[in-house]
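K.L.:
Going line by line, the protein sequences match chains A and B. To convert, take the position in the first sequence, counting from 1, and add 414; that gives the numbering used here. To convert, take the position in the second sequence, counting from 1, and add 23; that gives the numbering used here. Glycine residues also receive a C-beta, built at the ideal position from the N, C-alpha and C atoms.
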Amino acid sequence: MGRYIARRLLLTIPVMLGASFLIFALVYALPGDPIRALGGDRPLAPAVVAQLTEEFNLNDPLWLQYVKYVGDLLQGDFGTDFRGREVLDTITQRMPVTVRLALVAIAFEIVIGIVAGVMAGIRKNGFFDNVVLVSTTLIVSIPILVLAFIAQFTFGLQLGLFPIAGVNDGWYSFLLPGLVLAAGSLAYVARLTRTSIAENMRADYVRTARAKGLPRRDVIVRHTLRNSLIPVVTFIGADIGTLMGGAIVTETVFNLPGIGRAVFDAVRAQEGAVVVGIVTLLVFVFIFFNLVVDVLYAVLDPRIRYE
Amino acid sequence: MSTASTSLPSGPAPRGAGAPVLEVDDLRVQFRTDSGLVNAVNGVSYTVSERETLAILGESGSGKSVSAQAIMGILDSPPAEITSGRIVFEGRDLLTLPEEEQRKVRGPGISMIFQDALSSLNPVYSVGFQIGEMFRAHRGTSRKEAKQKAVELMDRVRIPAAKQRVDDYPHQFSGGMRQRVMIAMALALDPRILIADEPTTALDVTVQAQVMDLLKDLQRDTGMGLILITHDLGVVNEVADNVAVMYAGRIVERGTVDEVFGNPAHPYTDGLMRSIPQVEVKGGRLQPIGGQPPNLAAIPSGCPFNPRCPRRRTGAEAATGRDCVTDVPPLRLVVPGREAACHYSEEVFGA
């Protein structure tokens with residue numbers, strides 16, 4: 415197991431390098447000159463432009479810029495944005511917001527998704543199963559952007575149940591954005607749980623559990639749910655990484671100063687260092703949770719062993 | 024559909040057995056499927072006594088497993104539905120008991136082992152946990168004590184190094200050892216009746232013999248009644264006292280194993296016996312039973328076996344009320360201790 419984890423961690427190095435280079439090249443390929451754009455309507459003095467361009471290595475060819483960037487990164491230097499702000503500061507400041515949002519979203523996924531899935535699965539083709547089928551189909555077919563605006567307008571503005579935007583109400587301000595962010599995955603978790611439960615209810619070992627005279631609760635929770643949750647847990651684990659990145663739309667609509675917002679703003683301003691820094695970090699988070707999932711898999715299912 | 028209710032629900036007196044423990048009377052099970060009503064069990068009656076081994080012999084789809092699952096109360100319904108009958112265990116009809124009372128019978132009263140021990144054991148729990156669950160669910164034993172009992176049981180079914188293996192998972196055992204785990208689990212609470220649904224079909228021949236020997240030894244120790252569901256004539260011959268041959272959801276012949284196998288009274292049983300390879304006729308062709316097993320959604324009228332029966336009589340050649348195509352033959356006494364559901368049993372019997 416230890417060797418397996420070490421090998422997987424080593425493998426992340428080329429993945430991270432490749433991913434960061436790709437993002438770097440994409441930002442490089444954006445049209446326009448980010449330094450000139452800094453001045454807005456009033457053009458900057460040519461000397462200032464030249465100095466900034468030199469400072470950020472913007473005259474170098476792509477590969478050299480990238481090598482210099484990675485060199486700095488290896489020394490723990492994430493670089494600065496064009497206004498002189500440390501990228502690392504931006505990350506540490508904004509990360510907690512996104513982490514909270516992701517935690518709320520995952521809580522929704524687990525609680526609502528799994529409960530709905532179990533209830534639908536144990537009475538397959540029953541009334542509740544159909545309710546879940548219709549509602550989840552509806553949710554996944556609406557783009558998250560539309561969903562976010564509908565939620566904001568209905569629950570925030572018209573009903574006034576939740577804050578419309580911002581993070582001034584602590585955890586409460588994260589409920590509505592968290593639900594919106596979770597919606598798609600929540601529907602998926604419900605469907606996955608439902609299918610998995612319905613399938614395992616017919617398993618031979620569930621029949622054995624009933625033949626043993628176990629109470630119905632034990633038959634369902636211990637012998638059906640536990641086995642059915644293996645694919646669900648792996649999905650949720652992998653989804654943590656996706657949620658961190660998928661927060662861009664949600665954070666923008668609900669005006670939450672998180673990582674997603676920061677990336678969105680940085681892309682518009684062509685802030686290469688910020689975009690690459692954050693996205694590379696997200697790639698790492700994604701890879702890390704994938705590894706956690708794989709390890710968890712072996713814990714949940716004793717038949718799986720990594721050598 | 025027409026019925027063939029048995030005239031003698033208690034059947035022939037079992038050999039060397041004690042008081043009846045389980046009595047199944049006119050059990051009928053239907054499945055409602057998209058392609059229509061499937062009549063899986065059509066009026067099955069038998070009794071099982073202490074120390075008795077009753078083999079239920081039949082091909083796939085003859086209703087032998089379904090009737091066993093009905094007794095255990097583990098049929099999936101829907102689609103399955105028990106439409107009539109009684110299952111009397113220790114004086115109580117299980118079918119009229121509330122679900123919670125039925126549940127309490129499963130394990131301490133009637134227990135069951137299945138064909139494929141690998142898929143019948145939960146892959147994510149250790150075997151010790153799964154055996155111990157019996158004590159925890161029915162006796163409220165503590166987790167630690169239940170594990171202790173699991174080790175004892177694993178010893179009893181002769182699993183080597185039980186103490187070391189109690190925390191292993193099902194996939195870490197060989198096929199024969201897994202079936203022993205199933206047996207240990209089923210016998211945990213000393214059931215009065217054990218239903219073994221093709222317990223050795225998935226095992227190779229030497230292991231089969233070991234498992235059957237183990238079951239016989241355990242039966243001798245505990246005095247339980249054993250219902251052995253199988254299509255293996257050899258196994259029946261070796262271990263069973265009495266045999267009930269099933270066809271199309273009915274019992275077509277019943278008696279002691281020696282008598283039924285030695286002198287069949289039903290053309291189907293007779294056909295089965297003829298299809299066994301014989302040492303004396305080495306090199307000759309086997310004699311299979313012609314035709315196909317019946318479709319349970321459209322069981323032939325009259326005797327369900329009539330389309331395949333070499334002795335079928337219909338129209339003018341049939342005696343009154345004994346037309347194989349129109350009259351359902353009831354399960355009736357042919358000679359003392361022998362019952363068969365054939366209009367012309369005496370002819371088969373004498374042949």
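Do ALA625(A) and MET247(B) have their beta-carbon atoms positioned less than 8 angstroms apart in this structure?
P.N.:
The answer is no: Cβ separation not under 8 angstroms.
K.L.:
Taking the alpha-carbon positions, what's the ARG126(B) to ARG159(B) distance?
P.N.:
Going from the Cα of ARG126(B) to the Cα of ARG159(B) covers about 14 angstroms.
K.L.:
Is there at least one Cβ from chain B nearer than 8 angstroms to ASP715(A)'s Cβ?
P.N.:
Answer yes: the Cβ-Cβ gap between ASP715(A) and chain B drops below 8 angstroms somewhere.
K.L.:
Flag this pair as touching only if the stretch 423-440 of chain A and the stretch 452-469 of chain A have three or more C-beta atom pairs under 8 angstroms; answer yes or no.
P.N.:
Result no; under three Cβ-Cβ pairs closer than 8 angstroms.
K.L.:
Does the beta-carbon of LEU98(B), which I'm using as the reference point, lie nearer than 7 angstroms to any heavy atom of the ligand FAD?
P.N.:
Within the structure as shown, the ligand FAD is missing, as the structure has no ligands at all.
K.L.:
From the DSSP secondary-structure annotation, give me the bridge partner or partners of ASN65(B).
P.N.:
In the DSSP output, where bridge partners are listed per residue, ASN65(B) has ARG51(B).
K.L.:
Answer yes or no: does any C-beta atom of chain A fall closer than 8 angstroms to that of VAL147(B)?
P.N.:
Answer yes: the Cβ-Cβ gap between VAL147(B) and chain A drops below 8 angstroms somewhere.
K.L.:
For ASP412(B), tell me which candidate among ARG215(B), HIS254(B) and VAL259(B) has the shortest Cα-Cα distance.
P.N.:
Examination of residue 412(B) is not possible in this model, given that chain B is present from 24 through 374 alone.
K.L.:
In terms of residue numbering, what span does the beta strand (DSSP E) encompassing TYR270(B) cover?
P.N.:
Unbroken beta strand (DSSP E) run through TYR270(B): 265-270.
K.L.:
With 8 angstroms as the threshold, decide whether the Cβ of ILE182(B) is near any Cβ in chain A.
P.N.:
Cβ-Cβ to chain A under 8 angstroms: no for ILE182(B).
K.L.:
Between LYS538(A) and chain B, is the shortest Cβ-Cβ distance under 8 angstroms, so that the two count as touching?
P.N.:
Not closer than 8 angstroms to any Cβ of chain B, the Cβ of LYS538(A) fails to qualify, so no.
K.L.:
Looking at the secondary structure, which residues open and close the alpha helix (DSSP H) in which MET157(B) lies?
P.N.:
Note, MET157(B): alpha helix (DSSP H), 150-162.
K.L.:
Strictly below 7 angstroms CB to CB, what residues from chain A border GLY130(B)?
P.N.:
Correct list: LYS626 and GLY627.
K.L.:
Please report the distance separating the alpha-carbon of GLY627(A) from that of LEU309(B).
P.N.:
Looking at the two C-alpha atoms, the distance is approximately 44 angstroms.
K.L.:
Answer with buried or exposed for PRO214(B), where buried requires no fewer than 16 other C-beta atoms within 10 angstroms of its C-beta.
P.N.:
Its Cβ being crowded by 16 or more others within 10 Å, PRO214(B) is buried.
K.L.:
For the stretch 645-658 of chain A against the stretch 512-530 of chain A, do three or more pairs of beta-carbon atoms, one drawn from each stretch, fall closer than 8 angstroms, so that the two count as touching?
P.N.:
Touching, yes, given that three or more Cβ pairs across the two stretches are closer than 8 angstroms.
K.L.:
For the stretch 159-224 of chain B, list the beta strand (DSSP E) runs that are entirely contained and at least 3 residues long, ordered along the chain.
P.N.:
Correct list: 216-220.
K.L.:
In the DSSP assignment, what residue or residues form a beta bridge with PRO43(B)?
P.N.:
Paired residues: SER72(B).
K.L.:
Give, in chain order, every residue of the stretch 93-109 of chain B whose Cβ lies closer than 7 angstroms to some Cβ of chain A.
P.N.:
Answer in chain order: MET95 and ILE97.
K.L.:
State buried or exposed for ASP473(A), treating a residue as buried only when at least 16 other CB atoms are found within 10 Å of its CB.
P.N.:
In the sequence under discussion, the amino acid at residue 473(A) is Asn, which differs from the Asp named in the question. The residue is exposed, with fewer than 16 neighbouring Cβ atoms inside 10 Å.
K.L.:
Would DSSP call GLU82(B) helix, strand or coil?
P.N.:
Residue state, collapsed to three classes: coil.
K.L.:
Would you call the stretch 597-607 of chain A in contact with the stretch 531-541 of chain A, where contact means no fewer than 3 C-beta pairs closer than 8 angstroms?
P.N.:
Enough Cβ pairs lie closer than 8 angstroms, so yes.
K.L.:
Could you compute how far the alpha carbon of PRO121(B) sits from the alpha carbon of ARG115(B)?
P.N.:
Near 12 angstroms, if we compare the C-alpha coordinates of ARG115(B) and PRO121(B).
K.L.:
Three or more C-beta pairs closer than 8 angstroms, one from the stretch 186-193 of chain B and one from the stretch 102-118 of chain B: is that the case here?
P.N.:
The stretch 186-193 of chain B is not in contact with the stretch 102-118 of chain B.
K.L.:
Of all the CB atoms in chain B, is at least one closer than 8 angstroms to the CB of TYR602(A)?
P.N.:
So no, TYR602(A) is outside the interface.
K.L.:
Mind pulling the beta strand (DSSP E) runs of 3 or more residues that sit fully within the stretch 229-288 of chain B?
P.N.:
Whole beta strand (DSSP E) segments, 3+ residues: 248-253, 265-270 and 273-279.
K.L.:
Considering only residues of the same chain and omitting the five flanking positions on each side of GLN684(A), which have a CB-CB separation below 6 angstroms?
P.N.:
So the qualifying residues of the chain are LEU444 and PRO448.
K.L.:
Given a threshold of 16 other Cβ atoms within 10 Å of its Cβ, counted over all protein chains shown, does VAL302(B) qualify as buried or as exposed?
P.N.:
Exposed, since its Cβ has fewer than 16 Cβ neighbours within 10 Å.
K.L.:
Using a Cβ-Cβ cutoff of 8 angstroms, what residues of the stretch 159-173 of chain B are near chain A? List them in chain order.
P.N.:
Correct list: ALA160 and HIS161.
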